[in-house]
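Worksheet for the structure shown next.
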Amino acid sequence: MGYLINIIQFSFSSLIWGILIALACMALFVFIIKGWWKNAMFTIWSYLIGAVLFILLSFQCTMIVGSLKIIDTTDEYEKYFTTLVNSAYEGWEEVTEADADIIIKKAIAEYPLLEYYISGGEFYGHSAKQLPSVMADELRSFMWAYITRRLLWCLGFVIVAGVLGIKTLNKYNQTSRAHRPSATDRMSRQRPGNSHRPHISTRRR
Numbered sequence: 094m095g096y097l098i099n100i101i102q103f104s105f106s107s108l109i110w111g112i113l114i115a116l117a118c119m120a121l122f123v124f125i126i127k128g129w130w131k132n133a134m135f136t137i138w139s140y141l142i143g144a145v146l147f148i149l150l151s152f153q154c155t156m157i158v159g160s161l162k163i164i165d166t167t168d169e170y171e172k173y174f175t176t177l178v179n180s181a182y183e184g185w186e187e188v189t190e191a192d193a194d195i196i197i198k199k200a201i202a203e204y205p206l207l208e209y210y211i212s213g214g215e216f217y218g219h220s221a222k223q224l225p226s227v228m229a230d231e232l233r234s235f236m237w238a239y240i241t242r243r244l245l246w247c248l249g250f251v252i253v254a255g256v257l258g259i260k261t262l263n264k265y266n267q268t269s270r271a272h273r274p275s276a277t278d279r280m281s282r283q284r285p286g287n288s289h290r291p292h293i294s295t296r297r298r
């Protein structure tokens, strides 16, 4: 939840776009349900499942949009990393684990969102010249992996909600059909019985 709050603070448009994308996904969800069951009548459980799905998708979509915006600003982060490194080291110097931690802490103080993605210990062993681009590449790699996980969660939510939604429709339609006469019953009712046949007299005049 803290990450979502930081994403919204970073870019409020992420929330707006996340909700809009979630609405589009919900429209697709309803289209699939209707396509599966053309005469479907939604029950209260169907609407409840849809509401929960919308909330979950809004959360995930907001995170995805925010992550994409972070990827777009990675070049800005790389420039800041370069400024920090150049102010303390020569290009040929190797950055130790402790030094990398210090650089990351300074970067996080400037960009709090980075706290969720990178830590200093994983960047030791690189030269000062290499470090900024290595940090930027690691950030991009982490963000794409993060977006992939969010997409998989969205897919999982849609599949589960779809199965549950169809089950609620099945129960409703089965109940309706139980009180609905079958085609055979209707034909048998329309067919005149023997007792209603007109009596033809065979007596000769």
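Using the numbering used here, the first residue of the sequence shown is number 94, and each one after it goes up by one.
Virtual Cβ for every residue (Gly too), placed ideally from N, Cα, C.
- One thing to note: I252 has its Cβ no nearer than 8 Å to the Cβ of I157.
- Residue range 137 to 165 is occupied by the alpha helix (DSSP H) that includes I137.
- The beta carbon of E208 sits closer than 8 Å to the beta carbons of I201 from its chain, once the five residues preceding and following it are set aside; these are given in chain order.
- The Cβ neighbour count for F124, taken over all protein chains shown within 10 Å, is under 16; the residue is labelled exposed.
- By the CB criterion at 8 Å, I195 and I211 fall outside the cutoff.
- Counting only runs of 4 or more residues that sit fully inside the stretch 192 to 273, the alpha helix (DSSP H) segments are 224 to 271, in chain order.
- The criterion of a C-beta distance shorter than 8 Å is satisfied by G258 and S139.
- Under the DSSP assignment, A181 falls outside any alpha helix (DSSP H); it carries neither an H nor an E label.
- In terms of Cα proximity to S220, the closest of T189, R243, C247 is T189.
- Beta bridge pairing from DSSP links E187 with S220.
- Nearest in C-alpha terms to G255, of all of M119, T167, D192, F152, is M119.
- Distance from the CA atom of L149 to the CA atom of N132, rounded to whole angstroms, is 27 Å.
- For W129, the uninterrupted alpha helix (DSSP H) segment begins and ends at 105 to 129.
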